[in-house]
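Asker:
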Amino acid sequence: MATNSDGVQVGVERVFIGAGCNRIVNNVSWGACDLVSFGAQNAVAIFCPKIAQILITLPGHKAHVNCTHWLPSNKFAFKAKHLERHYLLSGDAEGAIILWEFSLADKKWRHVLQVLEHKKGVTCITAIMVSNTDAMFASTSSDGVVNVWEVILPSSSGGECKFSCLDSLFVGRKPMVALSLAQLPGNSGQLILATGGLDNKIHLYCGERTGKFVHACELKGHTDWIRSLDFSLPIYANCETSSVLLVSSSQDKGIRIWKMSLCDSLSNKGKAETSLASYIKGPTFVAGSSSYQISLESLLIGHEDWVYSVQWQPPQSSSTEGMDCYQPESILSASMDKTMMIWQPERTTGIWINVVTVGELSHSALGFYGGHWSPSGDSTFAHGYGGSFHLWKNVGVDFDDWKPQKVPSGHFAPVSDISWARCGEYLLSVSHDQTTRVFAPWCNESSSEDGETWHEIARPQVHGHDINCVTIIKGKGNHRFVSGADEKVGRVFEAPLSFLKTLNHTNSWEFNFFDDLQSDMQILGANMSALGLSQKPIYVQAPSASVDKNSNEGIDTHETIPEAVPVVLTEPPIEEQLAWHTLWPESHKLYGHGNELFSLCCDHEGKLVASSCKAQSASVAEIWLWQVGSWKSVGRLHSHTLTVTQMEFSHDDNFLLTVSRDRHFSIFAIKQTGLEEISHQLVIRQEAHKRIVWACSWNPFGHEFATGSRDKTVKIWAVENGSSVKLLMTLPTFKSSVTALSWLGVDRLRNHGLLAVGMENGLIELWSLSNAKTKDGSIPVLNAALVVQVDPLLCHVSAVHRLRWKNAEKSENSSAMQLASCGADHCVRVFEVFKVDQPAVFVADEKKKSLKKSLANGHGHKPPTLFDCECFDCYTSFWSRWDSSPNHELIHQAIEAKGKWRKWVAKKGKREKNRKMEKVGCQKRRTGDFGAPKSRK
4 MATNSDGVQV GVERVFIGAG CNRIVNNVSW GACDLVSFGA QNAVAIFCPK IAQILITLPG
64 HKAHVNCTHW LPSNKFAFKA KHLERHYLLS GDAEGAIILW EFSLADKKWR HVLQVLEHKK
124 GVTCITAIMV SNTDAMFAST SSDGVVNVWE VILPSSSGGE CKFSCLDSLF VGRKPMVALS
184 LAQLPGNSGQ LILATGGLDN KIHLYCGERT GKFVHACELK GHTDWIRSLD FSLPIYANCE
244 TSSVLLVSSS QDKGIRIWKM SLCDSLSNKG KAETSLASYI KGPTFVAGSS SYQISLESLL
304 IGHEDWVYSV QWQPPQSSST EGMDCYQPES ILSASMDKTM MIWQPERTTG IWINVVTVGE
364 LSHSALGFYG GHWSPSGDST FAHGYGGSFH LWKNVGVDFD DWKPQKVPSG HFAPVSDISW
424 ARCGEYLLSV SHDQTTRVFA PWCNESSSED GETWHEIARP QVHGHDINCV TIIKGKGNHR
484 FVSGADEKVG RVFEAPLSFL KTLNHTNSWE FNFFDDLQSD MQILGANMSA LGLSQKPIYV
544 QAPSASVDKN SNEGIDTHET IPEAVPVVLT EPPIEEQLAW HTLWPESHKL YGHGNELFSL
604 CCDHEGKLVA SSCKAQSASV AEIWLWQVGS WKSVGRLHSH TLTVTQMEFS HDDNFLLTVS
664 RDRHFSIFAI KQTGLEEISH QLVIRQEAHK RIVWACSWNP FGHEFATGSR DKTVKIWAVE
724 NGSSVKLLMT LPTFKSSVTA LSWLGVDRLR NHGLLAVGME NGLIELWSLS NAKTKDGSIP
784 VLNAALVVQV DPLLCHVSAV HRLRWKNAEK SENSSAMQLA SCGADHCVRV FEVFKVDQPA
844 VFVADEKKKS LKKSLANGHG HKPPTLFDCE CFDCYTSFWS RWDSSPNHEL IHQAIEAKGK
904 WRKWVAKKGK REKNRKMEKV GCQKRRTGDF GAPKSRK
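Residue numbers in the sequence shown follow this note's numbering, run continuously in steps of one, and reach 940 at the last position.
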C-alpha cells in the first residue's frame, strides 16, 4: 500500500511478468532454494518452476546481465536444508558483479553490495559454499582476467557482507569463458580452479582458501573453444573420496571426463579393477603436501553441434550406512543441436553412454544455450537461442519417463507495444524479437492453491522484421488485430477456430467462441513457409459455395484438410506448441506508407484503423485511415512534419489525437458520412513541449487529454467547443523522460480518473485527476495529486514503451483495475491497482464552503447512524469510507436519494416527520449493503 499527502491509499500488486532469457551462455542458474535466476536485459529475473511464474525482477545493473549463480547452487542443496538466507551473484556486460540476499522467511530481496573489478563484460561466475557464512567464487571477463573472491556472509538478516579479492589471474589475449571451482580430495584446505576458453585448453590453478592461486597444469584434447566445465563432488556410492571428476564440453561437439586422483591412491591399483582409462596417463601436479595425477576417463560423442553446457547431477540421498548423500555418475549436456542428453556409465563395462535424450522438434528452434539439473535431480531445465525455457520432469516410477512441464515465457528483445482484447480476455504484445504473443489468465481447476495464473497461450505472428506497433480491432466479430513492423506494409490477422476454442478452455472468462464465428469457412490455423513472411490459412473444409470437386469446371483453390483436428489447448502450452501450432492466418495487407510503420490505433467501435510510419518530412508523416472490413484507405491526414509517435481516438470516436517527434500534437475531427466515406478535418495543431512528444491519452469521460514528452513533463489539455484547446495543467517535472501515458476513468460524476505515467528509467507513477463539470459548461480548475510511485521492484528497469488500462472506460464500478505495461527490458507486466479513496482536495468549491461552515459550528463529530448528521464533514467522511466499495453505484443512489429528500423537506417544512421516515428507510438497508469495512472479507 502507498499513501499520498491527501490520505489517499492505493494498493499496487504484481499480477504477471512475462520475459524471455538473454541469449547468452551461463545466463541461468538453478539454486538450492529451488528458484531459477536468469537475465532479462538489465534485470535479474527470478521464477519458481513449481508454479511456472516469474516472481520478481531485480533492478541494479546498468547493462545486459550476462551470468547468474546461486549461493548455494543446486550442487550444494544437501548442505542448504537449514539455511535461512540464500544469495545470488549476477554479472553484467559492463563488468559489474552484484550480490543479492534472499530471505526464505519473508521472501524479501536485498541488494547487498556491488563490485566493479572487471573492465569488460563478465562472462562466467562459479562458486562454492565453504561454510554457512563463508563462500568463494571466481569470475572471468572479456578483459582476459580471472578474479578469485572470498565472501564473508552475514550471520543475521540485513547484516554487513564483506568482499575480498584473493587473486587476479591474467590469462592472456584469449579470454576464458568457462570456470569451475572445487575442493581437492584428501585436502580440504586446497582449492582447484579450472578455466577454459578460446585457446582450446583447460587450465588448472591451485591455491589455499586465503592465498594466491598458481598455475598447476593444462589439459589438451579439445579442438575448439571450451564452453563449459564442472567438477563433481568427491562423495561416491562406492565410498571413494580420493578422486574428483571434471567434465568439459566444447564447440568441437565433444564432451570429455577427466579424473584427478591422489597419487597415493594410484599405487593401490592392484586392489581395484583395472580400467582402460587408467592407462591413459595425464599430467601430475602438487597442491600443498599432496600430489595428484590426471587421466582422461572418457570421451563422449553424440551431439551434432556445439555443446554449450555440461553439469553433474546434484548429490542425492544415500541408503548406504554412514553416508548421507552421494554423487551420482550422471551428466547433463545441452547443445545447439536442439537436444539435451543424460550420460551414465554402464554397470558392467563402465562405458559412458547416452541414456536419455530430450529436446525441441520445432523448426523455429535454434538450439540450447544451457542445461541445468533441479536440486532433487528429477528435472532438467534448458534455455534456448530464442530466449525460451524448457523443463522436463521424470514422472516414471519403475523406469524413466521424462515429460515436458509448464514454464514461463516472454519476449527476448524490447517489447514495443501492447493491446488489450476488446473485453479484456487477453493481452497482445509485439516486440523487436519479431513475434506477437498472447498472454491470458488461466484458471487451474486441478489445484485450488494455484488459482488463476497468467500464461502465454498463443503466438499469432512469427515475422522476419522487428514489430513496432499493434492494435486490436474492438468491434464485434472474429478476434482481429493489425500489426506494423520495420516494413511498409500493415498486416491484418484473424483468430482461427483453434484459438477461440483454446480461449474457451481458459476458464477465466465467460466466453463462448460460437458467438465469434461469422461464416461457414472455419479456419483451423495458419502455416508459414520457411522463407516467407505471410501466414496462410489452413481450412478444415472448403466453403459451401466452392466449386464441386467432382466437376471438371474448376479447381479448388483452398487448402483443404478433411481429417485435420484443431490444436485446442486444454492446459497452458509449452514452447514447442507455441512456436508453430498457434499461428493466426493473415487476412489482409495494408499498402500505402513509404517507410516502416511506427504506430497504430483503432477506434472504439472497431470501424477505423489509423496508421503512421517513420518520417523525416511532412509528405511521409501523413496518417492513413483504413476502413475495417473492406480495408480500403478512406483518408490521409496531413499535419506533422516528423514521425507520429502515438495516436489515440477519443472515447466517443469524434476526435483523433496524434503526437509527434516534431514536438506538436494535432487533433482531427472524424465523422462517418457514408458506408465507406469518412470526413476528417484538422481542428488544431499546437506545439506542446520542448522535446519529442512520446505519449498521449484521452480522458474516458470527456475531451481532456494528456501528453508526455522527453522534456520530463506531462501536460493536461481540454478541447473547448470542439474547435480550440486549452492547457489545464502541467504536472510537476518528472525525474526522467516521460515515454508512456494511459488515462483510466474512475468516477464519471466527478470526472475523476487515474493517469498512469511511465518513464525512461522504467518507473511508473499514478496520478489522480479530477475536474467536475460546472452547470454553465465551462471547464473548471483541474485538481491533481500524486497517488503512488510504484515500487521499483515491481517496475521495469529500462524505458516503459506503453501503458494500457484494461477496459479504461468501463472500470467505474470496479474495486480493482488492471494496468498492463511493456518496456525495453523485454518484459510484459500486469499490475492490479486497488481503487483509491476520495481525496479532500477534489471536494467541489460549493461543498468546501459548506464544510467550513459546519466546522465553524462545531460539527466535527462522528454521527451514530448513517446520515443522522447534516454537516458536510460527516457527509464526506462516509463518502471517503465507502468510495472504494464494490457497491459504488448503490452509494451514489443513496446520496442522490438523500439530496432529493432534503429538497422535499425544505419545501414542505416537515423535517421531523421525514427524519423518522429516513431513519426507517436506512435501517432496512444494512450497513454492509453500502460496503462498510466490517462487511468486507
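Positions of the beta carbon are idealized from the N, C-alpha and C atoms, including for glycine.
1) Spatial neighbours of G21 within its chain, please: CB distance less than 8 angstroms, with the 5 preceding and 5 following residues excluded, ordered by chain position.
2) Kindly list the residues whose CB is nearer than 6 angstroms to the CB of S745, restricted to its own chain and excluding five residues on each side of it in sequence; keep chain order.
3) Going by C-alpha to C-alpha distance, which of N25, A819, G389 sits closest to E835?
4) Report yes if the C-beta distance between V310 and K396 is below 8 angstroms; otherwise report no.
5) Between which two residues does the alpha helix (DSSP H) containing H508 stretch?
6) Since W946 sits in a beta bridge, which residues does DSSP pair it with?
7) Rounded C-beta distance between L92 and A130? I'm assuming under 8 angstroms.
8) Between D469 and the rest of its own chain, which residues show a CB-CB distance below 7 angstroms, the 5 nearest in sequence each way excluded?
9) Which of helix, strand or coil does DSSP assign to F415?
10) In terms of residues, what are the limits of the alpha helix (DSSP H) holding A618?
11) Can you find a heavy atom of the ligand FMN that lies under 7 angstroms from the Cβ of V492?
12) Where does V402 sit, in a helix, a strand or coil, going by DSSP?
13) So A96 and G124 are in contact, right, with Cβ under 8 angstroms, and what is the actual spacing, rounded?
14) Which residue from H89, S801, P407 puts its Cα closest to that of G399?
15) With a threshold of 16 other CB atoms inside 10 Å of the CB of F496, please say whether the residue is buried or exposed.
16) Pull the bridge partners of G762 from the DSSP assignment, please.
17) Could you spell out where the alpha helix (DSSP H) holding A582 opens and where it closes?
18) Please name the residue or residues paired with M650 in a DSSP beta bridge.
19) For A130, which three-state DSSP category applies?
20) Given a threshold of 16 other Cβ atoms within 10 Å of its Cβ, counted over all protein chains shown, does L335 qualify as buried or as exposed?
21) If I measure Cβ to Cβ from K82 and keep anything under 7 angstroms in the same chain, skipping five residues before and after, which residues do I get?
22) Less than 8 angstroms between the C-beta atoms of L169 and A290, yes or no?
23) Counting Cβ pairs, one atom from each stretch, are 3 or more of them under 8 angstroms apart for the segment 698-712 and the segment 747-758?
24) Would you identify the three-state DSSP class for A698, choosing helix, strand or coil?
25) Who are the Cβ neighbours of N1 in its own chain at under 7 angstroms, not counting the five residues just before and after it?
26) Can L102 and V115 be called in contact, C-beta distance under 8 angstroms?
27) Helix or strand or just coil, what does DSSP make of A691?
28) Spatial neighbours of M343 within its chain, please: CB distance less than 7 angstroms, with the 5 preceding and 5 following residues excluded, ordered by chain position.
29) Starting from K729, follow the beta strand (DSSP E) in both directions and report where the run begins and ends.
30) Quick one: measure Cβ to Cβ for A251 and H225, integer angstroms, because I've assumed they're closer than 8 angstroms.
31) Where H482 and E153 are concerned, what is the direct C-alpha to C-alpha distance, given to the nearest angstrom?
32) Name the DSSP bridge partner or partners of I20?
33) Can you tell which of V686, R694, K592 has its C-alpha closest to the C-alpha of S740?
34) Within its chain, find whatever has a CB closer than 7 angstroms to the CB of A416; leave out the 5 residues flanking it on each side and keep chain order.
35) Roughly how many angstroms lie between the CA atoms of R350 and T509, to the nearest whole one?
36) Quick one: using the 10 Å Cβ neighbour count with 16 as the cut-off for buried, is E87 buried or exposed?
Answerer: Well, looking at it:
1) The residues are I57, P411, S412, G413, H414, S432, R440, F442, W457, E459, C830, V831, R832.
2) Closer than 6 angstroms at Cβ, skipping near neighbours: S700, A759, L806, R807, W808.
3) Considering only N25, A819, G389, the residue with the shortest C-alpha distance to E835 is A819.
4) No, the pair does not count as a contact, with Cβ atoms beyond the cut-off.
5) Residues 500-508.
6) No answer is possible for residue 946: it lies beyond the span of the chain, which begins at 4 and ends at 940.
7) The Cβ separation is near 6 angstroms, so the contact holds.
8) When the five nearest sequence neighbours on each side are left out, the beta carbons in the same chain lying within less than 7 angstroms of the beta carbon of D469 are those of H435, Q437, A488, D489, in order along the chain.
9) Coil at F415, not helix or strand.
10) No alpha helix (DSSP H) holds A618; DSSP gives it neither H nor E.
11) Because no ligand of any kind appears in the structure shown, any question about the ligand FMN cannot be addressed here.
12) The question names Val, yet the displayed sequence has Phe at residue 402. Coil.
13) That pair is a contact at about 4 angstroms.
14) Measuring from the Cα of G399, the nearest candidate turns out to be P407.
15) Buried, by the Cβ-count rule.
16) Reading off the sequence, residue 762 comes out as Met, not Gly. V741.
17) Boundaries of the alpha helix (DSSP H) around A582: 578-583.
18) For M650, which the question treats as bridged, DSSP gives the partners T661.
19) In the structure shown, A130 sits in a strand (DSSP, three-state: E or B).
20) Burial call: buried.
21) Once the five neighbours on either side are set aside, the close Cβ partners of K82 are P75, M132.
22) Result no, Cβ atoms of L169 and A290 do not sit closer than 8 angstroms.
23) The segment 698-712, when compared against the segment 747-758, does touch it at the 8 angstroms Cβ threshold.
24) Note: A698 maps to strand in three-state DSSP.
25) Residue 1 falls outside the range modelled here, since the chain spans only 4 to 940, and no answer is possible.
26) Yes, the Cβ-Cβ distance between L102 and V115 is below 8 angstroms.
27) A691: coil per DSSP, three-state reduction.
28) Excluding positions up to five away in sequence, the list reads L335, S336, A337, V361, G362, F371, G374, T383, A385.
29) For K729, the uninterrupted beta strand (DSSP E) run begins and ends at 727-733, by DSSP.
30) Looking at the sequence provided, one finds Ser at residue 251 rather than Ala. About 7 angstroms separates the two Cβ atoms, so the contact holds.
31) If you draw a straight line from the Cα of H482 to the Cα of E153, it is about 57 angstroms long.
32) Residue pairing for I20: DSSP places it in a beta bridge opposite R832.
33) Per the Cα distances, R694.
34) Only S434, H435, D436, H829 meet the Cβ criterion.
35) The straight-line gap from Cα to Cα measures roughly 47 angstroms.
36) With fewer than 16 other Cβ atoms from the protein chains shown falling within 10 Å of its own Cβ, E87 counts as exposed.
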